[in-house]
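Counting in numbering that gives the first Met the number 0, the final residue of the sequence shown is number 154, and the numbers go up one at a time with none missing.
All C-beta atoms, glycine included, are put in the ideal place defined by N, C-alpha and C.
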Amino acid sequence: MRPGPQAASALRIGPPGLSLGEQLVLAGLRTWARARMAGDEPRCLIRPGLTHVASKPVASVFTAMMEHIEREATRAMQIHCVACSGYSEDEQRVVLACGVARASLGAAFDLMRPLVKAPETPVLLARTLNVALSNAGYPLPVRMWDDEPMRATIH
């Protein structure tokens with residue numbers, strides 16, 4: 000096993016039960032938000048990390064998706080710190096949209112619509128990210144709305 004998958008297998012981001020692919024997306028979201036809060040350029044942190052753990056296409060598509068989400072944001076997203084075992088509703092929307100986009104673009108649009116003014120491009124990038132993650136060995140599960148929402152972590 001090369002170093003990337005070994006690093007990914009050690010991930011423990013978010014609530015129990017998330018696939019490694021979902022944890023990569025969630026870790027990327029949280030790292031992006033943390034970089035913005037610190038006044039750093041998130042691309043400089045995201046691209047090398049996701050390239051090492053997954054692949055260059057995963058890093059490129061994730062970065063493009065986040066740039067579009069930022070550009071089209073209807074409001075500030077609620078993002079937890081990297082170490083939180085909780086899962087905010089906004090984080091769930093993005094992670095679930097990435098997983099469901101391959102099976103149902105309509106469901107992905109519904110998930111992203113509260114976050115962005117124009118969900119078309121972010122949803123298509125979420126679908127592309129799904130394919131890239133699958134090609135890198137981190138398939139995203141299709142999770143519909145059967146599960147109970149995870150409660151936020153209280154600090």
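Take the alpha-carbon of residue 125 and the one of residue 96: they are about 7 Å apart.
Residue 81 sits in coil when the DSSP states are folded into three classes, being neither helix nor strand. Rounded to the nearest whole angstrom, the CA to CA distance from residue 136 to residue 36 is 31 Å. Here the alpha carbon of residue 92 sits roughly 25 Å from the alpha carbon of residue 39.
In this structure, 61 is the residue among 115, 52, 61 with its C-alpha nearest to the C-alpha of residue 41. In the displayed model, residue 131 falls within a helix according to three-state DSSP.
DSSP places residue 59 in the uninterrupted alpha helix (DSSP H) bounded by 55 to 70. Looking only at 67, 46, 81, the smallest Cα-Cα distance to residue 30 is reached by 81. When DSSP reads this structure, residue 115 sits in a beta bridge with 72. Close CB contacts of residue 64 within its chain, under the 7 Å cut and outside five residues either way in sequence, are with 121, 124, 125, 128 (chain order).
For residue 108, same chain residues with a beta-carbon under 6 Å away, outside a window of 5 residues either side, are 118, 122 in chain order. Take the alpha-carbon of residue 34 and the one of residue 45: they are about 9 Å apart.
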